[in-house]
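> In my numbering, the protein residues as written are 1 to 153. Let me give you the structure first, and then I'll get to my questions.
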């Protein structure tokens, strides 16, 4: 007589143990994951602000005219834009709303034709995203070059 073949697979208690361990690990990892996402949103907003400042400076030098980066509407969180120096109705760049962020900074940043910042106070932007542990800071020196810091201003 042929011996009965052994059944293969997992038993119900084994499957339940795996599900329980997976649920515990997911519960522990979820808060860290949400902090990671918020931190990446803060980095992304800071990167967008940095590149807009660089573009504003570049446009001022290229066009040999004053070019201004200004917030859209009710503050920097609502977005920002770079207006054409000869036609205020034409935008060279229009950045939309930054959701979940608080951005504090100057009323606007104007670059001179030589690439320097207009005024005597160097602009700085503090970017905070809800859920992120650290702020991001964008500093602009009077020569017009922006810098990023991974801490608050």
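Glycine included, C-beta positions come from ideal geometry on N, C-alpha and C. Keep in mind that this is a model prediction, so the values were computed, not measured.
So, using beta-carbon positions, are residue 127 and residue 38 closer together than 8 Å?
Numbered from its first residue, the chain shown carries residue 127 at position 127. Numbered from its first residue, the chain shown carries residue 38 at position 38. Contact flag unset, no.
> Between the segment 69-89 and the segment 6-26, can you find at least three pairs of beta-carbon atoms closer than 8 Å?
No: fewer than three Cβ pairs fall under 8 Å.
> Work out the CA separation of residue 75 and residue 120 for me, nearest whole Å.
The residue given as residue 120 occupies position 120 in the chain shown. The residue given as residue 75 occupies position 75 in the chain shown. Whole-angstrom Cα-Cα distance: 22 Å.
> Tell me whether residue 147 is buried or exposed, calling it buried when 16 or more other Cβ atoms sit within 10 Å of its Cβ.
Within the chain shown, the letter at position 147 stands for residue 147. Classification of residue 147: exposed, given that the 10 Å Cβ count is below 16.
> Are residue 124 and residue 101 close, meaning C-beta to C-beta below 8 Å?
For the purposes of this step, residue 124 is identified with residue 124 of the chain shown, where counting begins at 1. For the purposes of this step, residue 101 is identified with residue 101 of the chain shown, where counting begins at 1. It is not a contact, given that the beta carbons lie outside the stated cut-off.
> Which first and last residues belong to the beta strand (DSSP E) in which residue 127 is found?
Sequence index remark: in the chain shown, residue 127 carries index 127 (1-based). Its beta strand (DSSP E) spans residues 124-129.
> State buried or exposed for residue 31, treating a residue as buried only when at least 16 other CB atoms are found within 10 Å of its CB.
Taking the first residue of the chain shown as position 1, residue 31 is located at position 31. Per the 10 Å Cβ criterion, exposed.
> With a threshold of 7 Å, establish whether the CB of residue 128 neighbours any heavy atom of the ligand HEM.
The ligand HEM is not part of the structure shown, which contains no ligands of any sort.
> Which of the three DSSP states is assigned to residue 138 in this structure?
The sequence position of residue 138 within the chain shown is 138, counting from 1. In the structure shown, residue 138 sits in a strand (DSSP, three-state: E or B).
> Taking the alpha-carbon positions, what's the residue 63 to residue 113 distance?
Position 63 of the chain shown, counted from the start, is the residue given in the question as residue 63. Position 113 of the chain shown, counted from the start, is the residue given in the question as residue 113. Distance between the alpha carbons of residue 63 and residue 113 is about 7 Å.
> Taking DSSP as the reference, what is the three-state secondary structure of residue 43?
In the chain shown, counting from the first residue as 1, residue 43 sits at position 43. Three-state DSSP puts residue 43 in a helix.
> Could you tell me the alpha carbon to alpha carbon distance between residue 27 and residue 33, rounded to whole angstroms?
Mapped onto the chain shown, residue 27 falls at position 27. Mapped onto the chain shown, residue 33 falls at position 33. One C-alpha to the other measures close to 10 Å.
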